[in-house]
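FYI, in mature numbering (1 follows the signal peptide of the UniProt record, and there is no 0) the residues of the sequence shown are -26 to -1, 1 to 384. From the three backbone atoms N, C-alpha and C, an ideal C-beta is built for every residue, glycine too. Source: prediction; values computed, not measured. Heads up: the structure comes next, in structure tokens.
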Amino acid sequence: MKRTPVFGALVCALWIAAFGATGAMAQGRGEGVRPEVGKPLQAAQALIKQRKGREAMAEIAKAEAVPSRTPYENDLIAQMKAAAASASGDHDATIRANEALLASGKVTGREALALVQGTAVAYYNKKDYASAAKWTQRYFKDGGNDPSMRSVLLQSYYLGGDCGAVNKMLASVSEEGGNGKKPGEDELQILANCHLKSKDTGGYVHALEKLVQYYPKKEYWTDLLNRVQKKPGFSDRLSLDVFRLKSVTGNLAGSPDYMEYAQLALQAGYPAEAKQIVEKAYAANVFSDTTKEAERQKRLKALITKELEDQQKARDQVVKEAEAGKDGTDLVKVGVNLVYEGQAEKGVALAEKGIKKGGLKRPEDAKLQLGEAMVQNGQRAKGVQVLKTVGGTDGTADLARLWVLYAQRS
């Protein structure tokens, strides 16, 4: 997990603006700074803008050496020291200067907020994450609204080992994004890593699901699919369903995956789906007449074509026999095949009739397969409705949930 970027430059910019505002208010009150104090402080201010904190400290020392300084001159020197310490990257000096100024009660409003922010960042950069979290909380409590500080707070919790605080902070992120607000990818990554760090597999998978929901990158899907398959009790018979998800999320690894996927679909009795896979492989140049496996790929294509033709020729008789059968197994298979052939309305009606008829060996599998086919073939919203009814503890419910995430995000 990467630490959040250093925000010293931002804090320096806030301090320079605050220093200018202080000088303007002082002139308005009739307060002045003698040239022997003001000139080195102006030089220091210019150096701070260039992020030359140590050189600025040398100029501040010149101002500090002037005898009989007024209280106002001392205040300006103290404030300039805080800005120079931040610019120099001296975190301890920044913390000392900022905390002293805040304790003095002589800075308020925007100046005080810059001090609190600078202190939080300094603690973070010196890896005192508990203190960084405390000061960042104070920053927001005092009215700060810099979104980057939310990352500082989350990172401080995570790097400090307080995953409970990370969970609590992100608890408002609901399935719809928490009050309509989309969670940040970095925030979800922190949440995922917290669960990984604490060996909470269920929590980690939940965080991955949110990542694929809002940021559906291939690598998140890869990790998620691997995790789901390694879940205790996950059934090997769901390999075809896993390949379906791999396909739609861009996780098929070349010719071997396409070949195995097509073969599994054909063996399961879904030649129409197998045909789609082969066509996709040729369109992507994964299958080609110029590859070493060209002949094998051609044989598979021919076998699929023949099986589909035979199935279509016998369809009327098969449907008749399925409707007269004692259970709905064959009706579901015929219906799902029709969905893959592009006859979604007719296919869904037959499959639903088969599910309703009952007697299925694995009814959750039937609903999962129907929902998958619908999502892939133009009936996404209705497919989601079917998938949300899928139960089971052997992987069917897990895969159905992933299909819902895919369908709703897509």
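**OP:** Inspect the beta-carbon positions of Tyr314 and Gln250 and report whether they are closer than 8 angstroms.
**Re:** yes
**OP:** Could you pull out every residue in the same chain whose Cβ sits closer than 6 angstroms to the Cβ of Arg28, ignoring the five residues on either side in sequence?
**Re:** Ser62
Subject >> Beta-carbon proximity of Leu240 to Glu281, cut-off 8 angstroms >> reply: yes
**OP:** Go to Ala381, then tell me how far its alpha helix (DSSP H) extends in each direction, as first and last residue.
**Re:** Thr370 to Arg383
**OP:** Note down the Cα distance separating Gln187 from Ser221, rounded to an integer number of angstroms.
**Re:** 17 angstroms
Original post:
Do you know offhand how far Arg375's Cα is from Arg201's?
Top reply: 14 angstroms
Original post:
Could you give the C-beta distance for Leu89 and Leu75, rounded to a whole number, given that I count them as a contact under 8 angstroms?
Top reply: 6 angstroms
Original post:
Taking just the CA atoms, how far does Pro245 sit from Val306?
Top reply: 14 angstroms
**OP:** Indicate whether Pro9 and Ala37 have their beta-carbon atoms separated by less than 8 angstroms.
**Re:** no
Original post:
Straight-line CA distance for Glu16 to Pro41?
Top reply: One detail in the question is off: residue 16 reads as Gln in this sequence, not Glu. If you take the alpha carbons of Gln16 and Pro41, they lie about 18 angstroms apart.
Original post:
Less than 8 angstroms separating the beta-carbons of Ala58 and Ile22?
Top reply: yes
Original post:
What separation, rounded to the nearest whole angstrom, lies between the Cα atoms of Asn141 and Ala94?
Top reply: 21 angstroms
**OP:** Could you check the C-alpha separation between Gly316 and Lys254 for me, to the nearest Å?
**Re:** 16 angstroms
Original post:
Is the shortest distance between the beta-carbon of Glu295 and the beta-carbons of chain C less than 8 angstroms?
Top reply: Included in the structure is just one protein chain, with no chain C present.
Subject >> Whole-number beta carbon distance between Tyr232 and Leu226, since they are thought to touch under 8 angstroms >> reply: 6 angstroms
Original post:
Taking the alpha-carbon positions, what's the Lys191 to Lys173 distance?
Top reply: 23 angstroms
Subject >> N- and C-terminal bounds of the alpha helix (DSSP H) containing Asp231 >> reply: Gly228 to Gln241
Subject >> Best match in Tyr97, Leu342, Arg218 and Glu47 for proximity to Lys356 [C-alpha to C-alpha] >> reply: Leu342
**OP:** Quick one: give me the first and last residue of the alpha helix (DSSP H) that Tyr132 is part of.
**Re:** Ser122 to Leu133
**OP:** Return the chain-ordered list of same chain residues with a C-beta closer than 7 angstroms to the C-beta of residue 391, the five sequence neighbours on each side being excluded.
**Re:** Since the first residue of the chain shown is -26 and the last is 384, residue 391 is not available in this structure.
Original post:
How do the segment 208 to 217 and the segment 362 to 374 stand: do at least 3 beta-carbon pairs fall below 8 angstroms, yes or no?
Top reply: yes
**OP:** Whole angstroms is fine: what's the gap from Val378's alpha carbon to Arg336's?
**Re:** 20 angstroms
Original post:
How many angstroms separate the CA atom of Phe265 from the CA atom of Gln350?
Top reply: Note on residue identity: the sequence assigns Thr, not Phe, to residue 265. Rounded to the nearest angstrom, the two C-alpha atoms are 28 angstroms apart.
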